[in-house]
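Q:
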Ligand SMILES: Nc1ncnc2c1ncn2[C@@H]1O[C@H](COP(=O)(O)OP(=O)(O)O)[C@@H](O)[C@H]1O
Ligand SMILES: Nc1ncnc2c1ncn2[C@@H]1O[C@H](COP(=O)(O)OP(=O)(O)O)[C@@H](O)[C@H]1O
Ligand SMILES: [Mg+2]
Ligand SMILES: [Mg+2]
Ligand SMILES: [Mg+2]
Ligand SMILES: [Mg+2]
Ligand code: NI
Ligand code: NI
Ligand SMILES: [Zn+2]
Ligand SMILES: [Zn+2]
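Protein chains in written order, with the working numbering: chain A, 11 to 145; chain B, 11 to 145; chain C, 141 to 385; chain D, 141 to 385.
1. For residue 23 of chain B, tell me which candidate among C:145, C:169, C:152 has the shortest Cα-Cα distance.
2. Listing by chain order, which chain B residues have their CB less than 9 Å from the CB of residue 425 of chain D?
3. Cβ of residue 236 of chain D less than 8 Å from any chain A Cβ?
4. Given a threshold of 16 other Cβ atoms within 10 Å of its Cβ, counted over all protein chains shown, does residue 110 of chain B qualify as buried or as exposed?
5. Apart from the five residues on each side of it in sequence, which residues of its chain come closer than 6 Å, Cβ to Cβ, to residue 201 of chain D?
6. What residues sit near ligand 9, counting only those whose C-beta is closer than 5 Å to one of its heavy atoms, in chain order?
7. Once the 5 residues before and after residue 264 of chain C are set aside, which same chain residues still bring their CB inside 8 Å of it?
8. Three Cβ pairs or more, each shorter than 8 Å: is that satisfied between the region 115-124 of chain A and the region 230-249 of chain D?
9. Residue 277 of chain D: beta carbon under 7 Å from a heavy atom of ligand 2?
10. Would DSSP call residue 245 of chain C helix, strand or coil?
11. Between which two residues does the beta strand (DSSP E) carrying residue 181 of chain C extend?
12. Taking Cβ positions only, does residue 306 of chain C come closer than 8 Å to chain A?
13. Report the option in A:34, A:59, A:56, A:72 whose CA atom is closest to the CA atom of residue 139 of chain A.
14. May I ask which residues mark the beginning and end of the alpha helix (DSSP H) holding residue 19 of chain A?
15. Using DSSP with H/G/I as helix, E/B as strand and the rest coil, what is residue 330 of chain C?
16. Just tell me which of A:20, A:74, A:124 has its CA closest to the CA of residue 50 of chain A.
17. Along chain A, in chain order, which residues have C-beta atoms closer than 7 Å to that of residue 246 of chain D?
18. Anything in chain B within Cβ reach of residue 256 of chain C, meaning under 9 Å, just list it in chain order.
19. Mind pulling the chain B residues with CB within less than 9 Å of residue 279 of chain D?
20. Quick check on residue 287 of chain D: buried or exposed, where buried means 16 or more other Cβ atoms within 10 Å of its Cβ?
21. Can you grab the Cα-Cα spacing for the pair residue 162 of chain C / residue 199 of chain C, in whole Å?
22. I'd like the span of the alpha helix (DSSP H) that includes residue 128 of chain A, first residue to last.
23. Residues bridged to residue 323 of chain D by DSSP?
24. With a threshold of 8 Å, are at least 3 pairs of Cβ atoms found where one atom belongs to the region 246-263 of chain D and the other to the region 361-376 of chain C?
25. Note down the Cα distance separating residue 154 of chain C from residue 259 of chain C, rounded to an integer number of angstroms.
26. Relative to the alpha-carbon of residue 177 of chain D, which residue among D:358, D:369, D:362, D:372 has its alpha-carbon at the smallest distance?
27. Cα separation between residue 252 of chain D and residue 103 of chain A?
28. Given a limit of 9 Å on CB to CB distance, which residues of the region 208-241 of chain C reach chain B?
29. Just the chain B side, please: which residues come within less than 7 Å of residue 249 of chain C by C-beta, in chain order?
30. Tell me whether residue 269 of chain D sits in a helix, a strand or coil according to DSSP, three-state version.
31. If you measure beta-carbon to beta-carbon, which residues of the region 33-59 of chain B are closer than 8 Å to chain C?
32. Taking the beta carbon of residue 133 of chain B as the centre, do at least 16 other beta carbons fall within 10 Å, making it buried, or is it exposed?
33. Per DSSP, what kind of secondary structure is residue 352 of chain D in: helix, strand or coil?
34. Could you give the residue range of the alpha helix (DSSP H) that holds residue 70 of chain A?
35. Quick one, are the C-beta atoms of residue 21 of chain B and residue 61 of chain B less than 8 Å apart?
36. Out of D:175, D:254, D:294, which one is the CA nearest neighbour of residue 151 of chain D?
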């Protein structure tokens, strides 16, 4: 699962940050992961903890919050969220979106007007929301 | 001068808004005009008042504020404003930017790193900032 | 509250433009620009009032095909210059021929700016030469221009045909009016083969390259003869009788 | 505070990739995809470890030229499939061949996503097939990939040459390493003419179209022979001795 790759990016970013801030220890991190990623949370948290072993982040507290998605149509202004359309998608389509959230308009049209020209204004990214460090 | 075209867009938008809100009169409008547009303010305000004649916006108060520009480089993060680079530009270049503010990177590079990949985060648009109406 | 007065301005500026036809393709180099310019010139010679808008901001070429670009003047907006009978607007009027590097957000914004100040006046047709692909230029014009018509250009190449058909199907699903697919650069021998799916075929014509920049020469090529047939098929398909405006 | 962990991931994922060469042009249809694929195949046959990344999201065509696209597997990221000896990543792995309509912001984001999870491993070269133009794809890769090299493709057409030269000059002003301009679709007779400004010329070869999708046939064309000379000029210009990795 590519949860490991995402987790690796997070841990590396934390370690870079820790170095820059001359932290002794990274105590806790809060992450927001977009709903579109359909991430396996247990696996993701496990990967984060495993990858932190032997670093200043070893044993850190991990909080992962799933950010609900908001899509906003650029043509008609209609707003909707992924769970309203998810069921109509096949397994392979969900798998593609899991890897590449931006590909959503390839599989989904605006329920309001049928356009593929919509923005994913929330629920797409992986964001390090807060970091607690010991200096 | 194309100030008239911009003014026409503003007045038409105000009248649409007035109609939608069933206003009897448009009393006052505040506009923010991006510095990059190098607009002739007197001419612009004159055009606004002329175009408003015979409409519910006739005699409205007009306040035009010039919004200072902020450019932000996507590569190196450097920030600067138009007045730091304006003097190096020729008359025709300024004329082109006056018409099409987005064309700036054709004539100006990031003073920090030389890239043309920068964002004009402020000072580009024409924004109707507030409208006072009598209902 | 924030209101963008430019979008209202666009509607007004295009208020007396009867039809807007965008020439699109998934691929570059299939002849969008050659066809746009020739299509516009032929309509103009038939007595229609025609504008030509080059929206390929990274690679404007309509002015090269026309051989000149003219200079806009100002009067309550931008008055497009007349170039060989066409009202012509291109980024080259503002970029001075320099290379244009712009991200999508700025491309969309540029299109809104251009259309909010260009005084087209009364036009029967505004032909829009588009860049390849289905990015900001295409999405923003669909959003901005109600009733936009699309003419898609393909070639017999394996790399073009299927992709263009899929693009067209998607545009139709989105409710965009596709007036047809034109197949360009067809080997001269196979022109005769009928194909229900295409509005017209245009031969590969070795004289085209030499005629770039020379409008009279261009209009005398076999290429232009074939584009003329496409114009006729287009007018027929849209119930516009010849000569009647 | 908001931090984007993907950008750090990109750096790591490309950590063992020695050189990234983007094949660019102002124009479409000049042969970027044909040259990218052939260039990559030739390097691979010479024993280099080569990846091929198709970033023409609106019009992916490398998989059509290769005749297959393979399927990525997952292991701490995406493992690119081996296609004719190349590690291959394309949007088609995710779009299922459907049409892709994306604005610039989403294009940039897609590129960051793709590169943040693709496990290239150790590569001597990553060849990137780019869309035409100077938009998000080009600007985002310049921003993302330190040390990016650019190979620009032009043709003898009036519509290509000057524009490509201006684009290249601008890239150099921006500090991007341009390894050279390749002139494609040169009439076979004029191949001999020397031109200081070009890294190499590639003949127009009527067999190319037929060879799309058939790698061995493609590599036996005059076209491939000319691309091979470009590969050699490129390796020479960059001081890479033949066979030495
Ligand atoms: N029917 C044709 N026969 C021969 N050459 C053509 C034909 N149509 C276009 N060309 C040539 O193909 C090239 C690309 O055409 P262009 O209009 O610039 O394509 P696009 O706008 O789709 O990128 C030009 O050099 C042009 O001279
Ligand atoms: N040297 C050449 N001789 C003949 N045909 C060519 C040559 N190079 C490219 N082509 C043809 O030109 C078309 C466009 O090539 P492609 O690689 O898709 O261009 P781009 O990627 O720049 O859009 C294809 O149909 C291809 O078969
Ligand atoms: Mg979209
Ligand atoms: Mg820019
Ligand atoms: Mg073109
Ligand atoms: Mg290509
Ligand atoms: Ni996964
Ligand atoms: Ni003016
Ligand atoms: Zn909608
Ligand atoms: Zn910079």
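Beta carbons: idealized from backbone N, C-alpha and C, even for Gly.
On a predicted model such as this, the values are computed, not experimentally measured, just so you know.
A: Taking the definition as stated:
1. C:145
2. Outside the modelled stretch of chain D, which goes from 141 to 385, sits residue 425 of chain D, for which no answer is possible.
3. yes
4. buried
5. 173
6. A:83, A:85, A:86, A:88, A:120, A:122, A:123, A:125
7. 158, 159, 183, 188, 189, 190, 385
8. yes
9. no
10. helix
11. Counting along the chain, residue 181 of chain C falls outside any beta strand (DSSP E), though it belongs to the alpha helix (DSSP H) covering 172-185.
12. no
13. A:72
14. 13-30
15. helix
16. A:74
17. 112
18. 15, 16, 19
19. 84, 85, 125, 126, 127
20. exposed
21. 16 Å
22. Looking at the DSSP string, residue 128 of chain A is not in any alpha helix (DSSP H); the run it does join, the beta strand (DSSP E), is 128-132.
23. D:294, D:341
24. no
25. 8 Å
26. D:358
27. 20 Å
28. 212, 214, 215, 216, 217, 218, 231, 233, 234, 235, 236, 238, 239, 240, 241
29. 112
30. strand
31. none
32. buried
33. coil
34. Where residue 70 of chain A is concerned, there is no enclosing alpha helix (DSSP H), given that its DSSP letter is neither H nor E.
35. yes
36. D:254
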